[in-house]
Structures are given as C-alpha cells and as structure tokens.
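Undergrad:
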Amino acid sequence: MSRTKPSKRNNIGCRAGAAAVELAVCLPVILLLVFCSLEGTNKIYLRQCAVESAYETARTFAKSGDEVKAVTVGTQVLNARNITKFQIRFSPNNISALNTGDPFKVSISIPGSERSTVDIAPFKKMTIVAEASMLKE
2 MSRTKPSKRN NIGCRAGAAA VELAVCLPVI LLLVFCSLEG TNKIYLRQCA
52 VESAYETART FAKSGDEVKA VTVGTQVLNA RNITKFQIRF SPNNISALNT
102 GDPFKVSISI PGSERSTVDI APFKKMTIVA EASMLKE
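Numbers given in the working numbering equal positions in the sequence shown, counted from 1, plus 1.
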C-alpha cells in the first residue's frame, strides 16, 4: 500500500483563495475603523474648540459687559481654527440688563458636518454644543 502525498500545488491554490476571501472581508472593516477613528478625533477637536470659544466669549463679556465684543472674540477663536458654521447664544436673552454678580451662560453650537473628512452617518447629524457659565464683573 502506497500512500500518495498531498499535492503542494493543490494546497497553494486553496490557501491563496482563502487569503483573498480574508482580505475581502477584513479590509472594509479595517478601513471603516480607520475612518471612524479619524472622524471621532475630528469631533473631539470640534468639541474642544467650542469649549474654548465659549469660555473666551464668557470671559470677555464678564469683564467688558459688551456683548458685541464678546461675540467677536468667540468668532475669532473659532475662525482661527477654520470653523465657519456655528451659533453663539447668551442666556438669559436680555444679557445687557445683568447687574454685577449676576450669572450668565454662553452656548456655542457647531454642526457635526463641520471639518468632516468623510460623511459617516453617525457623525453627520450630530450637533456639538459647549457651554460656559460665569458671573458678570
């Protein structure tokens, strides 16, 4: 009884087919993870910029009491980071009527599509909001 050895040629072809299938399955998953990570870090950056702008806007208003000057400072902070679509809101609405020591809040809203490298569904529709609260000096 003689045993026949398995053909090396048959194994190589089988293994090459398995590698192609593995690549076809794994490559899209790996690329999705990479691009989602990039978008996630962009959103973290946007959040940090919004927090910084809200703080600078609130600090400027607390010291000067000038709403226009405060909005200008907040806009400059965001524009320096190439963020062009945003909203700056004060609470309470009648901010000019605040007395010394009264609390107020500044809210910055940035759409999730701002500074986006790729449009991935979970990040596209989000709105990034940051708030800063201070007392008027």
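All residues carry an ideal CB built from backbone N, CA and C; glycine is no exception.
1. Quick check on THR118: does DSSP put it in helix, strand or coil?
2. How would you label THR58, buried or exposed, when you count the other beta carbons within 10 angstroms and need 16 or more for buried?
3. Measuring alpha carbon to alpha carbon, tell me which residue in LEU32, THR61, LEU28, PRO123 is nearest GLN77.
4. Which residues bound the beta strand (DSSP E) around ALA133?
5. Just how far apart, CA to CA, sit LEU99 and SER65?
6. What residues are listed by DSSP as bridge partners for ARG90?
7. The alpha helix (DSSP H) spanning ASN80 covers which residue range?
8. Helix, strand or coil for ILE43, going by three-state DSSP, please let me know.
9. Assign LEU24 to buried or exposed, taking buried as 16 or more other Cβ atoms, counted over all protein chains shown, within 10 Å of its Cβ.
TA: Per the coordinate set shown:
1. coil
2. Counting the other CB atoms within 10 Å of its CB gives THR58 a total of 16 or more, which places it among the buried residues.
3. The shortest Cα separation from GLN77 among LEU32, THR61, LEU28, PRO123 belongs to THR61.
4. 128–136
5. 12 Å
6. SER108
7. 68–80
8. A small correction: the amino acid at residue 43 is Asn; Ile does not occupy that position in the sequence shown. Helix at ASN43.
9. exposed
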